[in-house]
Every structure is written in C-alpha cells, then in structure tokens.
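Per the working numbering, the very first residue in the sequence shown carries number 0; after that it's consecutive.
The next block holds one structure in the form of structure tokens; read it before the comments.
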Amino acid sequence: MDLWDKTVTALRDVVKPYDFMHWIRPVNCEAIDDQTHEIVLTVPDDSHGRWLEEHFLSDIQKTLRDISETDYDVRFRCLPEATDASKSSPARPTPGRPAGPSRAAPDQPDLVARYTFDTFVDGPNSRFALTASQAVAESPGVRYNPMCIYGGVGLGKTHLLHAVGHAVLAANPEARVLYVTSERFVNDLIGAIRTNEMDAFRTRYRDRCDVLLIDDIQFMAGKDRTQEEFFHLFNTLHSSHKQIVMTSDALPQAIPNMEERLKSRLQWGLIADIKPPGFETRVAILKGKAEADGVYLDDEVAMLLARHITRNVRELEGALMRLEANARLFGQRITVEMTQAVLGDLVEQGHRQIAPDTIAKAVSNAFQVPMAALKGPRRHRQVTVPRQVAMFLIRELTDASLPQIGTLFGGRDHTTVINALKRIESLREADLELREQIDRLRLELTR
Ligand code: ADP
Ligand code: MG
0 MDLWDKTVTA
10 LRDVVKPYDF
20 MHWIRPVNCE
30 AIDDQTHEIV
40 LTVPDDSHGR
50 WLEEHFLSDI
60 QKTLRDISET
70 DYDVRFRCLP
80 EATDASKSSP
90 ARPTPGRPAG
100 PSRAAPDQPD
110 LVARYTFDTF
120 VDGPNSRFAL
130 TASQAVAESP
140 GVRYNPMCIY
150 GGVGLGKTHL
160 LHAVGHAVLA
170 ANPEARVLYV
180 TSERFVNDLI
190 GAIRTNEMDA
200 FRTRYRDRCD
210 VLLIDDIQFM
220 AGKDRTQEEF
230 FHLFNTLHSS
240 HKQIVMTSDA
250 LPQAIPNMEE
260 RLKSRLQWGL
270 IADIKPPGFE
280 TRVAILKGKA
290 EADGVYLDDE
300 VAMLLARHIT
310 RNVRELEGAL
320 MRLEANARLF
330 GQRITVEMTQ
340 AVLGDLVEQG
350 HRQIAPDTIA
360 KAVSNAFQVP
370 MAALKGPRRH
380 RQVTVPRQVA
390 MFLIRELTDA
400 SLPQIGTLFG
410 GRDHTTVINA
420 LKRIESLREA
430 DLELREQIDR
440 LRLELTR
C-alpha cells in the first residue's frame with residue numbers, strides 16, 4: 000500500500016490540482032500483486048473509473064513505474080453501492096477546496112448564496128411558481144418533472160432556480176445538483192466536440208447529476224446540435240427519475256427554432272409563469288433587499304421607487320443599489336430628495352401626477368358615496384371602506400404624504416391614514432371583490 004501512497008503524492012505534481020482533488024484523491028488501493036504485477040484500485044463509481052482510464056491511466060502507470068521500477072497492470076474496481084458509502088464518502092471534493100470528511104458533497108454547483116426561498120418575496124404574481132418550486136425541491140424527481148419556470152426578464156426566474164438547488168442541498172447535502180446556464184451548456188458542448196471529449200461531457204451531465212437546473216433554455220433556439228444533445232440528456236435523466244428544472248423567457252411551445260420533439264418534452268411536466276409584481280410586492284421586495292443590505296429604507300422612498308419602476312425587479316434593485324451606494328459614499332440617509340437627485344428621470348419620467356381629488360372622485364363614483372361623505376366625519380362601514388380605499392390609492396398613485404392625505408379627508412390624523420392603509424391591505428387579501436374594485440380603479444386612473 001505504501002507504493003500507492005507514494006504514487007498519490009507524486010501524482011500531485013503531475014496532474015492539475017483540480018484533477019488531483021477530484022479524480023485521484025478518491026482512489027484507494029485495494030491490492031497489489033507483486034507476482035503478477037497487478038494493482039487494483041477502487042473508485043467511487045463506474046464513471047469515475049472510466050474517466051480515470053481515459054484520462055489519467057498513463058500518468059498513473061508512469062508514476063508507478065518511476066517509483067517502483069516495475070510496470071504495473073492497473074485495474075479499477077468500483078466500490079459496492081450497497082452501503083451507499085461510495086456516494087457519501089469524503090470523496091469528491093469541491094473544486095478548489097481541500098478534501099475532508101466535512102466536505103462530503105460532490106461538486107457544489109455555482110449557486111448564488113442570496114438566491115434562496117427565504118429571500119424570495121412571495122406575491123400573487125409569482126406564488127404559483129414559488130409553490131411549485133418548493134414542492135419540487137422537497138421531493139425532486141417525484142412530482143412536476145420537468146418543471147419549467149417562464150416569465151419576462153428580471154422577474155426572479157434565476158432566483159427561484161437557485162433556490163431549488165439550495166433547498167435540495169439543504170435537505171440532502173449529498174445530492175448531486177448541477178446548475179448550468181444554457182449558454183454554459185452550449186459552450187461545454189462545443190468544447191467537448193472540439194477536444195473529442197463527448198464521453199466526459201455525457202458523464203458529467205448524465206451520470207453525475209441528480210437534479211439538473213438549466214437556466215434560459217430559450218438560448219438553445221436555433222442550435223441544432225445542442226438541442227439534440229439536450230434531448231438525449233433530458234430523456235436519460237427523466238427516465239431515471241432525475242429532476243429537471245428549467246427557466247425560459249418564453250413559453251416552451253413558443254420558443255422559435257426549437258425542435259418539436261424537444262418542445263413537447265419541455266411541456267411534459269409543469270409550466271409555472273412569473274408575472275411582473277404588483278405595487279405592494281414591489282415595495283416588499285425593496286424593503287426586503289434593503290433589510291438584507293442592512294440599510295434603512297423609508298416607506299416614502301420605497302413607494303416612490305415602486306411607483307415608477309414597474310416592470311422589472313432587477314431594475315428596481317438596481318435603483319436601490321445606486322441609492323445605497325450614494326448613501327454610503329456621502330454618509331447620508333436615503334430620502335425622497337436624494338432619490339430624486341440620484342435617480343432623476345427614472346422617478347420623474349412618465350410620471351403624470353394624478354390629483355388626489357381626481358382619485359377621491361373616482362372612488363366616490365365607484366362606491367356611490369358622495370364626496371362630502373367621503374371627507375366627512377361619518378364612520379359607517381359603507382363610508383369608511385371607500386374612504387380608506389381612496390386614501391390607499393392616493394398613497395399609491397401620488398406623492399402626497401400621510402399628513403397631507405389626512406388633511407384631505409377632513410383633517411384626520413396621519414396615524415388614522417396609516418391604519419386605513421393597513422386595513423385595506425388586509426381587506427384586499429380576504430375580499431376578492433374589493434381587490435378587483437381597487438385594481439379596476441387603479442387601471443382607470445393610470446390609463
Ligand atoms: P430573471 O432570471 O427572471 O431574469 P432574476 O432571478 O435574475 O430574474 O432576478 C433579478 C433580481 O431580482 C435578482 O436579484 C432577484 O433576487 C430579484 N428578485 C426577483 N424577484 C424577486 C422576489 N420575488 N423577491 C426577491 N427578489 C426578487
Ligand atoms: Mg435569469
């Protein structure tokens with residue numbers, strides 16, 4: 000056994016560090032026959048052995064010969080699966096990290112740490128996709144396979160995809176989660192074709208993967224060879240109950256220049272869409288992000304941003320990041336004035352100020368409550384709900400401050416306004432009819 004230890008030490012200088020950690024370190028010596036000059040090496044699984052044979056056999060033989068001055072016949076033997084120890088042994092280390100018993104997981108995928116379910120703000124626009132992703136992460140390969148998340152740019156598809164990966168690994172650190180962008184997949188494939196390493200490519204994607212997370216599949220449009228390879232990969236993984244989660248910026252059936260047979264596969268499972276978030280969700284996302292960054296964000300500012308940046312969460316976060324950078328740089332608090340100064344056009348442009356009274360009037364019409372009653376002292380439910388809706392919409396659609404809104408409605412206190420806003424928030428959750436009424440009013444007013 001001594002011989003193998005020496006060989007391993009010497010191989011460290013022969014092969015690249017990553018290859019050493021990944022491929023050589025997990026190998027153990029089972030037997031050496033000095034008569035027949037045979038050495039039996041154990042490997043975690045079949046594909047590992049094949050890879051070694053193809054790529055490192057000559058290095059191993061040469062090193063053995065250098066050390067022992069004997070030509071050894073090298074045989075690889077796969078460890079029995081029975082105990083599953085082959086999978087969970089501290090074998091395949093994370094690239095760049097030392098091997099050790101605490102790092103039992105195979106290649107950690109490149110997941111952004113922040114993209115977890117915890118940091119994903121739940122809103123009606125993405126609830127279905129979120130719930131489905133959580134279900135998939137809970138029991139990968141069982142339900143909803145494949146799952147495809149589709150939606151416009153910057154709406155959280157990649158975030159959810161990474162969150163699935165994190166959750167799978169949290170529940171089972173040994174799960175082999177492979178995250179790739181479709182771009183990376185295409186480049187890997189091109190590289191493998193060029194260097195004649197298709198087997199290695201297939202091993203990596205087919206044999207070493209329990210959960211495949213593949214981002215932006217629309218990128219495969221028009222790339223025939225990629226589609227073909229992905230089609231076979233899909234079939235292999237799917238038939239062995241490995242989970243596949245994809246994202247796309249278009250409905251799978253609507254991706255142009257995509258092979259029919261592949262499109263039909265993509266529709267086998269569950270398709271969940273993400274829509275642009277509504278106003279409240281945009282505010283919640285901003286507040287969540289600021290909190291994560293340890294920055295205090297005023298409601299006023301959050302609402303100002305959410306009112307103007309409506310279509311893309313990435314842009315929303317971008318605006319917040321600029322404010323945070325500015326605040327750090329100049330040691331200032333983020334205020335409405337600063338926001339206007341820093342973001343300028345972004346929060347002015349296209350902003351048609353709606354007069355608060357226009358909103359009150361629209362609410363008065365919709366609920367058939369006279370303006371005088373809306374602004375008066377009465378507290379009957381027939382009057383208070385419309386009054387609170389008016390406050391809520393004025394808050395959302397104008398720059399009016401809380402005290403200003405209070406003044407508009409018969410000199411009410413700003414805490415009354417806050418309570419009104421809260422009440423409407425919660426009423427909206429429970430009362431679908433009211434929610435629709437508010438949505439209709441908002442549409443009408445902002446058209
Ligand atoms: P996509 O892949 O759909 O283009 P991303 O997943 O890259 O979008 O999201 C863009 C940014 O917006 C990311 O920083 C992400 O964390 C954030 N984001 C999107 N939706 C949400 C959400 N519901 N809650 C929290 N952050 C979100
Ligand atoms: Mg993305």
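For glycine and all other residues, C-beta sits at the position ideal for the given N, C-alpha and C.
Give me, in chain order, the residues of the same chain whose beta-carbon lies closer than 6 Å to that of residue i; leave out the 5 immediate sequence neighbours on both sides.
i, result
"Pro402", "His413"
"Met219", "Ser181, Thr225, Gln226"
"Ile216", "Ser181, Met245, Ser247"
"Gly153", "Asn311, Val312, Arg313"
"Asp45", "Cys77"
What does DSSP give as the partner residues of residue i in its beta bridges?
i, result
"Asp214", "Thr180"
"Gln242", "Val210"
"Asn27", "Thr41"
"Leu407", "BP columns for Leu407 are empty, so no partner."
"Ile66", "DSSP lists no partner for Ile66."
"Arg74", "Val39"
Is the beta carbon of residue j closer than 8 Å to that of residue i?
i, j, result
"Leu168", "Val176", "yes"
"His47", "Tyr71", "no"
"Leu392", "Val362", "yes"
"Ala283", "Ala128", "no"
"Gly405", "Val388", "no"
"Val14", "Pro25", "no"
"Gly330", "Lys374", "no"
"Gly190", "Pro275", "no"
"Ile23", "Phe55", "yes"
"Met146", "Gly287", "no"
"Ala365", "Gln436", "yes"
"Leu285", "Leu315", "yes"
"Met390", "Leu431", "no"
"Gln34", "Pro139", "no"
"Asp209", "Ala174", "yes"
"Tyr204", "Leu159", "no"
"Glu279", "Glu428", "no"
"Gly122", "Gly277", "yes"
"Phe75", "Glu52", "yes"
"Leu236", "Leu211", "yes"
"Phe230", "Glu258", "yes"
"Asp297", "Ile333", "yes"
For residue i, count the other beta carbons within 10 Å of its own beta carbon; 16 or more makes it buried, fewer makes it exposed. Which is it?
i, result
"Gly221", "exposed"
"Leu10", "buried"
"Pro369", "exposed"
"Val120", "buried"
"Val141", "exposed"
"Thr82", "Below a pLDDT of 50, predicted positions are generally treated as unreliable, and Thr82, at 35, falls in that range; no measurement from the model is reported."
"Met197", "exposed"
"Tyr295", "exposed"
"Asn124", "buried"
"Ser132", "buried"
"Ile192", "exposed"
"Thr6", "buried"
"Pro385", "buried"
For residue i, I'd like the list of residues in its chain whose CB is within less than 8 Å of its CB, leaving aside the five on either flank, ordered along the chain.
i, result
"Thr115", "His161, Ala162, His165, Ala166"
"Val463", "Since the first residue shown for the chain is 0 and the last is 446, residue 463 is missing from the structure and cannot be characterised."
"Thr357", "Leu444"
If I measure Cβ to Cβ from residue i and keep anything under 7 Å in the same chain, skipping five residues before and after, which residues do I get?
i, result
"Asp12", "none"
"Gln266", "Pro251, Gln252"
"Val73", "Ile38, Leu40, Leu56, Ile59, Gln60"
"Ser67", "Leu2"
"Leu433", "Leu426, Arg427"
Please look up how many angstroms separate the CB atoms of residue i and residue j, rounded, as I've assumed it's under 8 Å.
i, j, result
"Leu304", "Val346", "7 Å"
"Ala289", "Trp50", "With a Cβ gap of about 47 Å, Ala289 and Trp50 do not count as contacting."
"Thr118", "Ala291", "6 Å"
> What is the chain-ordered set of residues for which the beta carbon lies under 7 Å from any non-hydrogen atom of ligand 4?
Replying inline: This structure lacks ligand 4; its bound ligands are ligand 1 and ligand 2.
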